[in-house]
């Protein structure tokens, strides 16, 4: 009996130690985020002090004269991401609808495996493929057609070098599609079967059943999935850098080269000679950090609201 | 009765139904087209990679280091070894931290405020662009040391592994039935030992696959290595010096103007893809067979 | 006005599982017919064959003939049309959570192309009155969501929604089993009121409920229709011994 009780006492200490250890591990996640934020903020003080908030709205980028303005990169990031969403969302929704509501059972596993593969391909491999396959395809076949048919809009005008905002948008679209699609599928399958049956029982066609019984109920989560895709597109670096042309100019034509926040960091970081230069780049990194955190937080919240079973309320 | 006048005549409803069914069929067709439009390019990319990469894969690739541009016979041996070194360090950092945090969330942090905050933060950390991580580690390690290093590369990739490992560990541990935990506690096994040896072991298959997933993900990362590991044209295994890495090398070769280097880039991409696909397939296989093999 | 349902040689499968075997049944118009039987006897499957919901399951199969008002629902019409004319109320209330009460009731009509505001208003009010819900929700029709009502109210909302498209038949699959006794009593009163206008088929595992609301009752056992007769006869003097055993509680 005594030995038994003594054993109990020892275990209390061990239990507390163990719990403390794993708690520290959990805290490390906070620590990492705080550390990143700290480094980014403290190392960008130079340009923060010199340019203030105007840094993000100026268009200069002159390392020689220490004159920095990040607007072209912000524009490039926003434009390429917006293009990516425009192209990707219809396809992602189509795939999600097909896999969830229409696909025969035996086909579902292989097809969803393939879409998962899309997500697993590293950015640099996408970039490699884009340089040697996508860019020539766009430059030689797609862009001339776009210039011919839609050139009047001003969005598709020469010069047509291939390395362009459009190329970046297309590559990004392919890369974010699996995220949007798989999350959309998750929220769609979390809609209970009785909702689908309720719509069918009223005499609805299959599309009407999907529209009213599934998509409508899951719409908040689907928006969350799209925003998550946006978050990924905002921070995507390698593939974009390899195809966007890397020129810090804002041009109306989508066939012209551009520059994104992530790309300028990838290209110029290791060559930043002066402290001011480095500070400017780190400040861009800080902006990217904050934006992606906010976007991802909103997206996760929306998806959580649907899949955790909280019924969608009337707006 | 009111109901008599409200009933839509049969003929009108037939026409209405016909047009609605056409519309439904059209939308269904669009969904099928979208799926084809996605799957076909994917397969095309993979096949193209295979074609371009296979022709350049030879013994030299795996055993030689790069030779100056214009010469042939070079390989990516230093990049493969370098990736190995970095990933080993990354796993050493990321896996223990991640599993520990996962254990905390599953055993002590369920449905509690602290647990939810940690979970949320892990998800948010997952979304931070990898290049921003690279900058932070650059500022943290490279600047004070005044040189690039494999150590910095390992740290940044390890940190990137943590959220993924945490979440998958937590999910797998949650799937272990309470009955098992209670059985252990009922036998007088202390909580910490039960968590470590019994619960963890039961979920081990799932946790291992989660680690593999995180590993595969960071194995392909280039951006954070750009200014931490930096790359190296020569063989190196020292943690204190810049080191080559496979994705980094692929990038440098891809944007170069030399055909020989392009060939090597394709070969490297093929090797990378094969490793990653193998990991994803293995993960799927293990998950589909049931992650709680240990429990049966 | 309801229509009669004639079922002949109905067989149904879930994959290889033969769930309904050679069902022959004539359900009279403008009456309530109850279907009773132990769990898994096929009564829910049977009812789902009447509005072709059974076939929405990819491994489901049906053979035989079902005539509703002399229309062979499997051969002569599409499921979409049939389901408008044969309404269904489910075991668990399933109002559309993203729609208001008004939109819930009107959803079937809108699907079928009725957009006229005046018509919709009239039908919504009529349906809610028919399902005894109007007085409770008339001031909040467009403000409250369908899911914010109590369980019993939600089920009455689902009944109103089914009635709004003016079906000829109303199928009810254990409509009160998820509700409290007070709501159950309200639903039963409702069925009593409605059966003079519609043909009602109600699946229930509650024999007292069958005795209270239905003129005729059918007893299902292991996929077969064992006996079908007036409710009074089934419960006081059944012809088949298996029916008697079930009624007296010897199994099920």
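Protein chains in written order, with my numbering: chain A, 1 to 315; chain B, 1001 to 1296; chain C, 2001 to 2252.
Every residue, glycine too, gets a C-beta built ideally from N, C-alpha and C.
Check: Taking 7 Å as the threshold (C-beta atoms), are residue 2048 of chain C and residue 2165 of chain C in contact?; Outcome: no
Check: Is the distance from the Cβ of residue 234 of chain A to the Cβ of residue 44 of chain A below 7 Å?; Outcome: no
Check: So, residue 167 of chain A versus residue 128 of chain A, is the Cβ gap smaller than 7 Å?; Outcome: no
Check: Using DSSP bridges, identify the partner residues of residue 2033 of chain C.; Outcome: C:2201, C:2216
Check: Using a Cβ-Cβ cutoff of 7 Å, what residues of the stretch 269–288 of chain A are near chain B? List them in chain order.; Outcome: 269, 270, 282, 285, 288
Check: Just reading off the beta strand (DSSP E) that residue 2018 of chain C is part of, what are its end residues?; Outcome: 2017–2027
Check: Let me see if you follow: with CB-CB separation under 7 Å, is residue 214 of chain A close to chain C or not?; Outcome: no
Check: Which residues in the same chain have their Cβ closer than 6 Å to the Cβ of residue 1240 of chain B, if we skip the five residues on either side of it in sequence?; Outcome: 1149
Check: Using a cut-off of 9 Å between C-beta atoms, extract the partners of residue 2090 of chain C located in chain A.; Outcome: 194, 197, 198, 201
Check: So what's residue 2060 of chain C in DSSP terms, helix, strand or just coil?; Outcome: strand
Check: Should residue 2239 of chain C go down as buried or exposed, given a rule of 16 or more other Cβ atoms within 10 Å for buried?; Outcome: exposed
Check: Does the CB of residue 2111 of chain C have a neighbour CB from chain A at under 7 Å?; Outcome: yes
Check: Relative to the C-alpha of residue 1163 of chain B, which candidate in A:49, A:28, A:179 has its C-alpha closest?; Outcome: A:28
Check: Against chain C, does residue 205 of chain A count as a neighbour if the rule is that its beta carbon must be under 7 Å from one of theirs?; Outcome: yes
Check: Entirely within the stretch 1176–1206 of chain B and at least 4 residues each: give me those alpha helix (DSSP H) ranges in chain order.; Outcome: 1178–1186
Check: If the cut is a Cβ gap below 9 Å, which residues of chain A does residue 1146 of chain B touch?; Outcome: Per Cβ cutoff of 9 Å: no residues; residue 1146 of chain B is ~14 Å from chain A at best.
Check: Confirm, please, whether the CB-CB distance from residue 24 of chain A to residue 92 of chain A is below 7 Å.; Outcome: no
Check: Could you give the residue range of the alpha helix (DSSP H) that holds residue 2122 of chain C?; Outcome: 2117–2130
Check: Below 6 Å CB to CB, which residues in the same chain sit around residue 2064 of chain C once its five sequence neighbours on both sides are set aside?; Outcome: 2009, 2010, 2011
Check: For chain A, check one thing: does any of its Cβ atoms lie closer than 7 Å to the Cβ of residue 1280 of chain B?; Outcome: yes
Check: Please identify the residue among A:126, A:66, A:181 whose C-alpha is closest to the C-alpha of residue 100 of chain A.; Outcome: A:181
Check: On a CA-only basis, which of C:2123, C:2175, C:2137 is nearest residue 2201 of chain C? Give me that one, please.; Outcome: C:2175
Check: What do you reckon, are the CB atoms on residue 1272 of chain B and residue 1220 of chain B nearer than 7 Å?; Outcome: yes
Check: Would you call the stretch 255–273 of chain A and the stretch 206–218 of chain A in contact, with 3 or more CB pairs under 8 Å?; Outcome: no
Check: Assign residue 1022 of chain B to one of three DSSP states: helix, strand, or coil.; Outcome: helix
Check: Taking C-beta to C-beta, are residue 2192 of chain C and residue 2169 of chain C nearer than 7 Å?; Outcome: no
Check: Please report the straight-line C-alpha distance between residue 298 of chain A and residue 57 of chain A, rounded to a whole angstrom.; Outcome: 25 Å
Check: Compare the C-alpha of residue 240 of chain A against each of A:151, A:263, A:11 and name the closest.; Outcome: A:263
Check: At what residues does the beta strand (DSSP E) containing residue 2014 of chain C begin and finish?; Outcome: 2005–2014
Check: Between which two residues does the alpha helix (DSSP H) holding residue 1084 of chain B run?; Outcome: 1077–1103
Check: Does the beta carbon of residue 1016 of chain B sit closer than 7 Å to a beta carbon anywhere in chain C?; Outcome: yes
Check: Taking the alpha-carbon positions, what's the residue 1037 of chain B to residue 1083 of chain B distance?; Outcome: 34 Å
Check: So residue 1254 of chain B and residue 131 of chain A are supposed to be a Cβ contact under 8 Å. How far apart are they, rounded?; Outcome: 6 Å
Check: Along the chain, where does the alpha helix (DSSP H) containing residue 1071 of chain B start, and where does it finish?; Outcome: Residue 1071 of chain B -> no alpha helix (DSSP H), and no H or E assigned at all.
Check: Where are the beta strand (DSSP E) runs, 3 residues long or more, that stay fully inside the stretch 2143–2176 of chain C, in chain order?; Outcome: 2169–2173
Check: Can you list, in chain order, the residues of the stretch 1101–1114 of chain B whose Cβ is nearer than 9 Å to any Cβ on chain A?; Outcome: 1101, 1102, 1103, 1104, 1105, 1107, 1108, 1109, 1114
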